[in-house]
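The structure appears right after this line, and notes come after that.
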Amino acid sequence: MGHTSYNPYESAKKQFNQVADQIGLDSSTRELLSQPSREYHFTIPVKMDDGTTKTFNGYRIQHNDARGPAKGGIRFHPEETVDTIRALSMWMTWKCAVVDIPLGGGKGGIICDPRTLSKGEQERLCRGYIRQLSKNIGPNLDVPAPDVMSNGQHMLWMLDEYETITGARYPGAITGKPVGMGGSLGRTEATGYGVVYNLREALKELNIDIAKTTASLQGFGNVAEYAARLYTSMGGKIVAISCWDNNDKAAYTYRKLDGLDIDKIASIKDSFGTIDKQKAVDMGCELLKGDEWISQDVDILLPCALENQITPDSFVKVSKQVKVICEGANGPTTPDCDELIKERGIYLIPDFLCNAGGVTCSYFEQVQCNMNYFWPKEEVLEKLDQKMTYAFHAVHNLAKEKNLYTRDAAYVIAINRVAEAVKLRGWI
Ligand code: GLU
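The numbering used here numbers the first residue of the sequence shown as -2 and each following residue consecutively.
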């Protein structure tokens, strides 16, 4: 997905190997951690509403579970690739390790476009996915969650199928479930809020008043929407949002130089994050080309969509005013662009730290499910803020102390934790 000439798995391996060199990681650990532990590839036959049967391709990839059960979302996307899921599973390992939660890394995907499937077809697809995978996931094995274009309802259908097959209730087997059905309050907000907790701390370190900043956002799915909500509630101004229009099969940037009203924009988006073009124009938004979000004169760029969006080609358009890049998406920046970001002195909040709020709240969801006692939203968000703030400062301080790029500092912490777990278990 994203820019086609970049392979996210190659990027993930390159990032890992660079830091493995820096910390002198032994070759056996390097060999183990530079690839997934297990992969499941399977077909999912689904009875369609028109009476035909369509076969979808599903995947679940477990990168590493030395620190705890594998954890990670299942994404639905027509252009999903095995290599993207491999990369995402690897990034999940680092993500759980950098925020220090006792989980490993995994990721799943189904090549499909849920926007074109009826509710019944989506339900049969979710149940079919679990039928193929039920022996290889579970609360102590591998715990799925939502990701791009999958949601709480999908997770609940999946859990129901899992519990039907196993014959008991295992609420901790899947996270991101609807509230009241084993879901945690705050899970919907968690990833986007986590992005902004990181941003708030970065701006404090840079001595910048958040209320005087402007930002441009790519994407308007769950992560982007809640990042925008919290950022604007802290006084920041979002001047541009770019998102995919599935009718036109094109992306657009919606701009309002005096600041977009996030409540209003959210009220005209569909459940897949597409903003209604006509309604946005009626609200007074300028309609620009999809890639123009990156060239806005703002202080902060928030890529919260897909991989490979900030490349050397697109980076030349980044305004000199930009001081912070906050990677809400997984893998939005290609490795060949990191040098350019460093040269410009832009402060980068790396993806697997920046967007770790979702999985951290998933972990809280599991804890609550295991206790069968649910916390109020304030408590969830307070615990989330603490975890994210602590992780941010650990990365920031290491970067400062050792003069490292923030992405590398996050990798050093995460790789060291996973390498230690692997060694303590006696795998190496
Ligand atoms: N899909 C989210 C991520 O990429 C959340 C994963 C989870 O909650 O397990 O971090």
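By construction, the Cβ of each residue, glycine as well, lies at the ideal position given by its N, Cα and C atoms.
All of these numbers come straight from a predicted model, not from anything done at the bench.
Residue i Cβ short of 6 Å to the ligand GLU heavy atom set
{"i": "A142", "result": "yes"}
{"i": "G106", "result": "no"}
{"i": "S181", "result": "no"}
{"i": "S239", "result": "no"}
{"i": "S359", "result": "yes"}
{"i": "K68", "result": "yes"}
Residues sharing a beta bridge with residue i, DSSP
{"i": "I343", "result": "Answer is none; I343 lacks a bridge partner."}
{"i": "Y56", "result": "H38, G106"}
{"i": "I307", "result": "T330"}
{"i": "S213", "result": "A237, L298"}
{"i": "T250", "result": "S239, L285"}
{"i": "I171", "result": "DSSP output for I171 lists no bridge partner at all."}
{"i": "K266", "result": "I272"}
{"i": "V176", "result": "G180"}
{"i": "N61", "result": "G102"}
{"i": "G135", "result": "D139"}
Cβ-heavy atom distance, residue i to the ligand HEM, below 6 Å
{"i": "G355", "result": "Absence of the ligand HEM is noted for the structure shown, with the ligand GLU being the only ligands found."}
N-terminal and C-terminal residue of the beta strand (DSSP E) that residue i is part of
{"i": "G70", "result": "67 to 74"}
{"i": "W241", "result": "234 to 242"}
{"i": "D442", "result": "There is simply no residue 442 to check, as the chain begins at -2 and stops at 425 in what is shown."}
{"i": "V473", "result": "Only positions -2 to 425 of the chain appear in the structure, and residue 473 is not among them; the question remains open."}
Beta-carbon proximity check, residue i vs residue j, cutoff 7 Å
{"i": "V192", "j": "A407", "result": "no"}
{"i": "F389", "j": "W88", "result": "no"}
{"i": "I322", "j": "I291", "result": "no"}
{"i": "C282", "j": "Y249", "result": "no"}
{"i": "P329", "j": "R404", "result": "no"}
{"i": "G65", "j": "A187", "result": "no"}
{"i": "C358", "j": "P168", "result": "no"}
{"i": "S25", "j": "I425", "result": "yes"}
{"i": "K276", "j": "I265", "result": "yes"}
{"i": "L284", "j": "V278", "result": "yes"}
{"i": "G325", "j": "A396", "result": "no"}
{"i": "I58", "j": "K104", "result": "yes"}
{"i": "G102", "j": "S86", "result": "yes"}
{"i": "L214", "j": "Y190", "result": "no"}
{"i": "C123", "j": "M155", "result": "yes"}
{"i": "T331", "j": "Y3", "result": "yes"}
{"i": "A170", "j": "P136", "result": "yes"}
{"i": "K174", "j": "L153", "result": "yes"}
{"i": "V31", "j": "F13", "result": "It is worth fixing the name first, because residue 31 is Ser in this sequence and not Val. A contact, by the Cβ cut-off of 7 Å."}
{"i": "P5", "j": "E304", "result": "yes"}
{"i": "K68", "j": "L29", "result": "no"}
{"i": "V419", "j": "A63", "result": "yes"}
Endpoints, the alpha helix (DSSP H) within which residue i is located
{"i": "I162", "result": "149 to 163"}
{"i": "D255", "result": "D255 -> no alpha helix (DSSP H), and no H or E assigned at all."}
{"i": "F361", "result": "354 to 368"}
{"i": "N394", "result": "374 to 399"}
{"i": "G191", "result": "184 to 202"}
{"i": "L227", "result": "219 to 230"}
{"i": "D46", "result": "First-last for D46: undefined, no H or E at that position."}
{"i": "K420", "result": "403 to 421"}
{"i": "R121", "result": "116 to 130"}
{"i": "Q32", "result": "Here Q32 belongs to no alpha helix (DSSP H), and DSSP marks it neither H nor E."}
{"i": "D80", "result": "79 to 95"}
{"i": "F349", "result": "348 to 351"}
{"i": "D18", "result": "5 to 20"}
Chain C contact for residue i (CB, 7 Å cutoff)
{"i": "M231", "result": "Here chain C cannot be found, since the structure has a single protein chain."}
Touching by the beta-carbon criterion (3+ pairs, under 8 Å), the stretch 128 to 148 and the stretch 350 to 364: The answer is yes - the stretch 350 to 364 touches the stretch 128 to 148, with three or more Cβ pairs under 8 Å.
Validate contact between the stretch 104 to 114 and the stretch 51 to 62 using beta carbons, cut 8 Å, 3 pairs: Pairwise C-beta distances place the stretch 104 to 114 in contact with the stretch 51 to 62, as three or more of them are shorter than 8 Å.
Segment contact, 8 Å Cβ cut-off, at least three pairs: the stretch 113 to 129 with the stretch 81 to 96: These segments do not touch.
Contact between the stretch 200 to 215 and the stretch 282 to 300 (3+ Cβ pairs under 8 Å): Yes, the stretch 200 to 215 is in contact with the stretch 282 to 300.
Any 3 or more C-beta pairs closer than 8 Å across the stretch 122 to 129 and the stretch 143 to 163: Contact holds between the stretch 122 to 129 and the stretch 143 to 163, because three or more Cβ pairs, one in each stretch, are under 8 Å apart.
Inter-stretch contact (C-beta, 8 Å, three-pair minimum) for the stretch 408 to 420 and the stretch 217 to 226: No: the two stretches stay apart, fewer than three of their Cβ pairs being nearer than 8 Å.
The stretch 259 to 272 touching the stretch 233 to 241, judged by at least three CB pairs closer than 8 Å: Flag = yes, the stretch 259 to 272 and the stretch 233 to 241 touch.
At least three beta-carbon pairs within less than 8 Å, the stretch 182 to 192 to the stretch 366 to 386: Touching, yes, given that three or more Cβ pairs across the two stretches are closer than 8 Å.
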